[in-house]
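Visitor: So the sequence shown is numbered by our numbering: it starts at 413 and just counts up by one. Positions of the beta carbon are idealized from the N, C-alpha and C atoms, including for glycine.
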Amino acid sequence: MEFMKTIDMFKEDLNIPDEYTSANLNSLFIKSANKCYYQMRQDHGKHSWPWWRKQIISKWANDSWRFKMENSVEEAIFNIERDRPMPWFLKHKDRLIALHPDMSETMIHKRILKKCGGDLEHTIRRRWVKPCSTEDYINAIEDITARTEIGRNWYKPPMDNKTSGKPIPKPNKTHDKASLKCHKCGSTSHFANTCPKNTRVNEIEIYKLEDTKKQLMYLYMTVILSLLKKRRYQMNLV
């Protein structure tokens, strides 16, 4: 694990004795790991750093631990409403390194980006075509999620009606059929395009047009006759 490699590095560089390292292990563990350390210290007593190193590996690098870590990696879906890019990215990078120490950094980045969702992953890959550092990917995620709507609402939790197994009721459309009626006569047996009133309206319009023509013709003949009478009267005066 990473913190054990750090301890080994400090011991080698600074020549730290085993007694000093073992005495400060309680400051390196937190929560349940710290409780486990105190219980083992009480049961087994004082031991050197190599002994504690072996116990740590057997405790937190077994099959149960690997199974739990693999499930955490598989469920590591990025949700912009809940996760911050930097802690989320670094946490799952550490998990992948702990599970696969020999995995390259490029492959680790690819596995993490797949958990960002289709649109966000595609946008990040377009920005960084070539493999880049962890900091570059984190900066890209922070910039894209802060400036755009990409990545939002990608993760949707399961709906209650799906988990309960109950069928989704279909909407009642009887009121919709009742509201479909002819807007000209109000009947529900047909629509406006097939309404019988259309024929009567056309007949009335034709009748009005013919009547208008007759009135215009009568007015025209009246004007002509009036002009002829006036002309004849003038000729008689001459």
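Leaving aside the five residues before and after R539 along the sequence, list all residues of the same chain whose C-beta is less than 6 Å from its C-beta, in chain order.
Guide: Within the sequence shown, numbered from 1, the residue matching residue 539 stands at position 127. Closer than 6 Å at the Cβ level, and outside the excluded window around R539, lie A552.
Visitor: For K542, which three-state DSSP category applies?
Guide: Here the question's residue 542 lines up with position 130 in the sequence shown. Note: K542 maps to coil in three-state DSSP.
Visitor: Looking at C-beta atoms only, is the number of pairs between the stretch 444-458 and the stretch 476-491 that lie closer than 8 Å three or more?
Guide: Touching, no.
Visitor: Tell me, please, whether the stretch 512-529 touches the stretch 484-493 by the rule of three or more beta-carbon pairs shorter than 8 Å.
Guide: Output reads yes: the stretch 484-493 touches the stretch 512-529.
Visitor: In the DSSP assignment, find the alpha helix (DSSP H) that holds A445 and state where it starts and stops.
Guide: Locating residue 445 in the sequence shown gives position 33, where the first residue counts as 1. Unbroken alpha helix (DSSP H) run through A445: 443-456.
Visitor: Under 7 Å between the Cβ atoms of P497 and I550?
Guide: Along the sequence shown, one-based indexing puts residue 497 at 85. Along the sequence shown, one-based indexing puts residue 550 at 138. It is a contact, given that the beta carbons lie within the stated cut-off.
Visitor: What residue does the alpha helix (DSSP H) around H521 start on, and which one ends it?
Guide: Here residue 521 is taken as the residue at index 109 of the sequence shown, counted from 1. Note, H521: alpha helix (DSSP H), 517-525.
Visitor: Can the beta-carbon of T433 be found closer than 7 Å to that of W461?
Guide: Taking the first residue of the sequence shown as 1, we reach residue 433 at position 21. Taking the first residue of the sequence shown as 1, we reach residue 461 at position 49. The answer is yes: Cβ separation under 7 Å.
Visitor: Out of curiosity, what's the CA-to-CA distance linking T518 and I469?
Guide: Numbered from its first residue, the sequence shown carries residue 518 at position 106. Numbered from its first residue, the sequence shown carries residue 469 at position 57. Going from the Cα of T518 to the Cα of I469 covers about 26 Å.
Visitor: Using a threshold of 7 Å, state whether the C-beta atoms of T557 and I489 are closer than that.
Guide: Residue mapping note: residue 557 aligns to position 145 of the sequence shown, counting from 1. Residue mapping note: residue 489 aligns to position 77 of the sequence shown, counting from 1. No, the pair does not count as a contact, with Cβ atoms beyond the cut-off.
Visitor: Helix, strand or coil for E482? Go by DSSP, reduced to three states.
Guide: The count along the sequence shown starts at 1 and reaches residue 482 at position 70. In this structure, E482 counts as helix in the three-state DSSP scheme.
Visitor: Could you give the DSSP three-state label for H512: helix, strand or coil?
Guide: Counting from 1 along the sequence shown, the entry for residue 512 is found at position 100. H512: coil per DSSP, three-state reduction.
Visitor: Under 8 Å by Cβ, that's how I've got N438 and Y449 pegged, so tell me the actual separation to the nearest angstrom.
Guide: Reading the sequence shown from its first residue, position 26 is the one you call residue 438. Reading the sequence shown from its first residue, position 37 is the one you call residue 449. About 6 Å separates the two Cβ atoms, so the contact holds.
Visitor: Quick one: using the 10 Å Cβ neighbour count with 16 as the cut-off for buried, is H602 buried or exposed?
Guide: Your numbering for residue 602 matches position 190 in the sequence shown. H602 is exposed by the Cβ-count criterion.
Visitor: What residue does the alpha helix (DSSP H) around T433 start on, and which one ends it?
Guide: On the sequence shown, residue 433 is found 21 positions in, with the first residue counted as 1. That run of the alpha helix (DSSP H) goes 430-435.
Visitor: If we cut at 7 Å on Cβ distances, does S545 have a partner in chain D?
Guide: This model lacks chain D altogether; it includes just one protein chain.
Visitor: Tell me which same chain residues have a C-beta within less than 8 Å of the C-beta of L640, skipping the five on either side of it?
Guide: As a working mapping, residue 640 is identified with position 228 in the sequence shown. Closer than 8 Å at Cβ, skipping near neighbours: no residue.
Visitor: Straight-line CA distance for L511 to D425?
Guide: Here residue 511 is taken as the residue at index 99 of the sequence shown, counted from 1. Here residue 425 is taken as the residue at index 13 of the sequence shown, counted from 1. Cα-Cα distance, rounded: 27 Å.
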